[in-house]
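These notes are about the structure you will find just below.
In this note's numbering, the protein residues as written are 12 to 337.
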């Protein structure tokens, strides 16, 4: 397949992201050739010099890695082909997580907030308030110190990483008993007097390139901390679909999950129900509190966290009750 110069350079950046490790010119050439992009190593070397000059790639020991500037360029260039990317990420985590609800071991889909180290105590107090109000997927968190890693994510110097369990864990739990949950919407759910009263906004997972819950948080739509403190405001939920014939199996696993500390379930709705003013749907729906609620107050209170949603799988045994950190 013959493609243009600009397209080839984008493919080079894609290759560096997909392999997630430094690559030599020869290695990049081989990987592109395998994908049907017929270019010579000499040409790739020329393109890499150009990408390095622009700041999109950095070279070390004759191997290339993509820079943050290169990542931003790649995102802009591929924005339309990435529609639905977050839903694919959820599905990837669902199939690759090894968590077992019965033995409480294996890896779980994890959200991560990277914050200034000096702000860690303030962050934990906010998060504990939200957990105490029952607005999280779980009370369990893990803390990663500066210059250490959580999965493939390294925490920069002067920062701390706080990991929480993603609501994608419900997809994993159900898949283990043969029920496939489809991730349909992220919903903005209003609370009044500590009771959920209905949705005000929804984002379809298929139509976005990043976490819909993260979009709600960044857009200033959430008030999770206020819901925890006063009972009034807006939280993020995940709306998942499943075959109504699996209703009893889903109910059973939810009860077990709740007994084992996975407590974010709000309601299960059959196609004929109208709970929480859910949209008419051909399948049964499971509505759970989104894992991002545990981290939302850090953004709401101006602590400027860097939020990474569903980007890593972490061993369940690394998590502890938030009370142990305060």
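Here a beta-carbon is modelled for each residue, glycine too, at the ideal position from N, C-alpha and C. The structure presented is a predicted model; accordingly, all values stated were derived computationally and were not measured.
Taken in chain order, the whole beta strand (DSSP E) runs of length 3 or more contained in the stretch 253-308 are 276-280 and 295-300.
Nearest to residue 75 by C-alpha distance, out of 211, 20, 134 and 173, is 20. Between the alpha carbons of residue 30 and residue 39 lies a distance of about 10 angstroms.
A distance of 7 angstroms or more separates the beta carbons of residue 193 and residue 281.
Of the other Cβ atoms in all chains shown, fewer than 16 fall within 10 Å of the Cβ of residue 18; this residue is therefore exposed. Rounded to whole angstroms, the separation of the alpha carbons of residue 212 and residue 246 is 11 angstroms. Separation of the CB atoms of residue 166 and residue 155 is rounded to 5 angstroms, and the pair is thereby assigned contact status at 8 angstroms.
Here residue 152 is actually not in contact with residue 279; their C-beta atoms are around 27 angstroms apart, not less than 8 angstroms.
In the DSSP assignment, residue 227 falls within the alpha helix (DSSP H) that extends over 223-229. Take the alpha-carbon of residue 316 and the one of residue 170: they are about 10 angstroms apart. When the Cα atoms are used, residue 146 and residue 188 turn out to be separated by approximately 26 angstroms. At the C-beta level, residue 142 and residue 150 come within 7 angstroms of one another. Around the beta carbon of residue 293, fewer than 16 other beta carbons sit within 10 angstroms, so the residue counts as exposed.
In this chain, residue 243 is not harboured by any beta strand (DSSP E), its DSSP state being neither H nor E. If you check the CB distance, residue 242 and residue 234 do not come in under 7 angstroms. In the three-state reduction of the DSSP assignment, residue 197 falls in the strand class. Nearest to residue 306 by C-alpha distance, out of 109, 164, 329 and 227, is 227.
Of all alpha-carbon atoms in 80, 47 and 56, the one lying nearest the alpha-carbon of residue 73 is that of 56.
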